[in-house]
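Residue numbers (the numbering used here): 592 to 665.
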């Protein structure tokens with residue numbers, strides 16, 4: 592499963608990511624991106640997600656792959 596990772600410290604709120612990926616990235620009252628909880632990058636969104644990462648002026652976005660298997664300790 593692919594997801595977008597946002598570095599809120601690096602982000603300056605330009606909003607390019609929210610324009611490219613409105614399905615998973617919204618904006619708060621100050622214009623900073625807010626990621627949907629539990630979002631997943633679909634195959635249809637992958638090109639736009641890569642584009643958002645590439646054009647982010649502050650290099651605040653990345654795409655990460657989450658392991659499907661989650662270990663839980665009892």
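Here a beta-carbon is modelled for each residue, glycine too, at the ideal position from N, C-alpha and C.
Check: Test item: CB-CB of residue 594 and residue 632 under 8 Å; Outcome: yes
Check: Member of 604, 615, 620, 655 whose CA lies at the smallest distance from the CA of residue 636; Outcome: 615
Check: Distance CB(residue 649)-CB(residue 601) smaller than 8 Å; Outcome: yes
Check: Exposure of residue 612, with buried meaning 16 or more beta-carbon neighbours within 10 Å; Outcome: buried
Check: CA-to-CA distance, residue 596 to residue 656, given in whole angstroms; Outcome: 10 Å
Check: Among 626, 608, 624, the one whose alpha carbon lies nearest that of residue 638; Outcome: 608
Check: Simplified DSSP state of residue 557, which is helix, strand or coil; Outcome: Nothing can be reported for residue 557: it is not among the residues displayed for the chain, which extend from 592 to 665.
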